[in-house]
Amino acid sequence: MAYRDKKGQIEVTFNWVYILIAGAVILLFFFGLVFKQKAVSEQNLGNDLVRIMDSIFTGAGVSEKTKNFIDLSGLADYTLYFDCVDGVGEYGLKGTSARVENEVDPLFAPREIKGTQLIVWSLPYKLPYKVIDFLFVTSSNTKYFLFGGNTGVFDVESFMNSTEGFKRDYVTSEQYKSIDPGKNFQVRLVDLSGDIIGKGKEVPEKLQAMDNNKVTAVVFRGSNQVDYYQKEGERWTKLNYNTPVQIVSLGGERDAAKYAAIFAADDKVYKCNMQKAFKRLKYINEVYSGKAEEMKIFYSSKTFSKECFGYIQEGKPNLIDALSSQANLLQGCFKDNTLSNCGKLIESAMEIKTVNDNLGEKGDCITLY
2 MAYRDKKGQI
12 EVTFNWVYIL
22 IAGAVILLFF
32 FGLVFKQKAV
42 SEQNLGNDLV
52 RIMDSIFTGA
62 GVSEKTKNFI
72 DLSGLADYTL
82 YFDCVDGVGE
92 YGLKGTSARV
102 ENEVDPLFAP
112 REIKGTQLIV
122 WSLPYKLPYK
132 VIDFLFVTSS
142 NTKYFLFGGN
152 TGVFDVESFM
162 NSTEGFKRDY
172 VTSEQYKSID
182 PGKNFQVRLV
192 DLSGDIIGKG
202 KEVPEKLQAM
212 DNNKVTAVVF
222 RGSNQVDYYQ
232 KEGERWTKLN
242 YNTPVQIVSL
252 GGERDAAKYA
262 AIFAADDKVY
272 KCNMQKAFKR
282 LKYINEVYSG
292 KAEEMKIFYS
302 SKTFSKECFG
312 YIQEGKPNLI
322 DALSSQANLL
332 QGCFKDNTLS
342 NCGKLIESAM
352 EIKTVNDNLG
362 EKGDCITLY
């Protein structure tokens, strides 16, 4: 009788073990379904998001000098990422395969954005005629601190007026050490004087607790060069090593190339997107060269317009030579990814601008643009 009781106890124990195992398998099955459905939902969300972002960026790119403030409160827990490699931009939802590649539009943004509001701003880039609209992308919790500098290097007042609605402050050099990030996701420091931030120098104390990749800086070296830095512990480390990044710009108010340097995540993102602009410039140069040739033919037969003809071909400088020089310089500009060979474009662009202004001042001459 004791033997039968023991056998019954074994059977009952075995049944409970079987039920527990079966229950665990069922639970794992349903957990698997939930996680799979979550992954599918996030992928679908990512696909929908990048389509919307693509539409927004395309619209902003054809609407010159526009600012858009886009609500992202429903995506506050997700992270958007931006990248650019070999002249091809990419953006999407981090952690998913949802992304868009873009070889045309120069888009300058942090590596990551996570917040409740996306800000998209477009400005025309001219060299000297309009090349393309630059897109600057940031967020309501990305904070910019500007300090130092003078109007000869960077027009601070114009930048502050242009970026109303952005998170940005202009502080004195003395206030640099007490910069407070608040509750912002990331911070970008902009040293306009070029002598406050440097390799190995100490990061402001209140920024030291933040993640390294959330604290970055851009340092202007004169009017047409910048260096990029990132926090490494308590010190600054330089991202572009020994070669400053060239800014190819004619200056002036709302200088798109300089503003782009502020909004670009680092030297790689900046140079990659500038490659897009120079590719576009190559084609535009061909169009204007064709127009200059037509102007030359027109004025060569007009005895009353020798001065106009001189501006187009015979003078120093003249349109034909300046446009040809720009075309040749663009070929050298694409030899590497440093942009170091692109700086000479400033000189040819200034020559084109000078001749075009001369044509315009003459009154009865056709201008190039």
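The sequence shown begins at 2 in the numbering used here and counts up by one.
Even for Gly, the Cβ is constructed at its ideal location relative to N, Cα and C.
These figures come from a predicted structure and were not determined experimentally.
Less than 7 Å separating the beta-carbons of residue i and residue j?
i: Y126; j: I133; result: yes
i: G90; j: A99; result: no
i: I321; j: A293; result: yes
i: A258; j: L124; result: no
i: A265; j: F109; result: yes
i: L369; j: Y312; result: no
i: F221; j: V154; result: yes
i: D181; j: K207; result: yes
i: Q226; j: P245; result: yes
i: T149; j: I197; result: Per the sequence shown, the amino acid found at residue 149 is Gly instead of Thr. Their beta carbons are under 7 Å apart, which means G149 touches I197 by this criterion.
i: W122; j: K202; result: no
i: Q327; j: N286; result: yes
i: K272; j: L331; result: no
i: K66; j: T80; result: no
i: N342; j: K336; result: yes
Taking just the CA atoms, how far does residue j sit from residue i?
i: R236; j: A218; result: 12 Å
i: G253; j: E158; result: 13 Å
i: Q247; j: K215; result: 24 Å
i: F58; j: K345; result: 31 Å
i: S306; j: E362; result: 14 Å
i: E175; j: K269; result: 31 Å
i: I114; j: Y177; result: 24 Å
i: F36; j: D49; result: Reliability of the predicted coordinates at F36 is poor, the pLDDT of 45 falling under 50, and the value obtained from them is presented with this limitation in mind. Taking the straight line joining both Cα atoms gives about 20 Å.
i: Y171; j: N162; result: 12 Å
i: N75; j: E295; result: Sequence inspection shows Gly at residue 75; the Asn mentioned does not correspond to that position. G75 and E295: Cα-Cα distance of roughly 55 Å.
i: G183; j: K232; result: 17 Å
i: A77; j: T117; result: 5 Å
i: E352; j: G333; result: 18 Å
i: R52; j: E102; result: 11 Å
i: D365; j: S325; result: 25 Å
i: L34; j: D72; result: For L34, the pLDDT reaches just 47, beneath the cut-off of 50, and the residue's location in the model is therefore unreliable, although a value from the coordinates is still provided. Rounded to the nearest angstrom, the two C-alpha atoms are 31 Å apart.
i: V105; j: N274; result: 9 Å
i: L240; j: F70; result: 30 Å
i: T173; j: A61; result: 34 Å
i: F310; j: F167; result: 48 Å
i: F32; j: I263; result: In this prediction, F32 scores a pLDDT of 49, lower than 50, which makes its location untrustworthy; the coordinate-derived value is nonetheless stated afterwards. Going from the Cα of F32 to the Cα of I263 covers about 46 Å.
i: S56; j: P107; result: 15 Å
i: P205; j: G234; result: 11 Å
i: N185; j: Y260; result: 21 Å
i: D156; j: G195; result: 15 Å
i: F371; j: R255; result: With the chain covering 2 to 370 only, the question about residue 371 has no answer from this structure.
i: K317; j: S179; result: 53 Å
i: S301; j: E308; result: 11 Å
i: I367; j: Y230; result: 47 Å
On the CB-based measure, 16 or more other CB atoms within 10 Å of its CB, does residue i come out buried or exposed?
i: D87; result: exposed
i: N243; result: exposed
i: D228; result: buried
i: A278; result: buried
i: S140; result: buried
i: A210; result: exposed
i: I298; result: exposed
i: R112; result: buried
i: S250; result: buried
i: K354; result: buried
i: N319; result: buried
i: T304; result: exposed
i: D212; result: exposed
i: T164; result: buried
i: D358; result: exposed
Does at least one heavy atom of the ligand GTP sit under 6 Å from the Cβ of residue i?
i: I298; result: Absence of the ligand GTP is noted for the structure shown, with no ligands found whatsoever.
The region 128-143 / the region 279-286 touching (three or more Cβ pairs under 8 Å): yes
Three CB pairs or more closer than 8 Å across the region 144-161 and the region 175-194: yes
Please specify which runs of the beta strand (DSSP E), each continuous and at least 3 residues long, are wholly inside the region 227-295, giving them in chain order. 236-239
Complete beta strand (DSSP E) runs within the region 188-221 (minimum length 3 residues, chain order): 216-221
Every unbroken alpha helix (DSSP H) inside the region 290-369 [4 residues or more]: 307-310, 320-334, 346-363
Please give the ranges of any beta strand (DSSP E) in the region 140-191, keeping only runs that are unbroken, at least 3 residues long and fully inside the region. Scanning the region 140-191 from its first residue to its last, the whole beta strand (DSSP E) runs of 3-plus residues come out as 143-148, 169-172.
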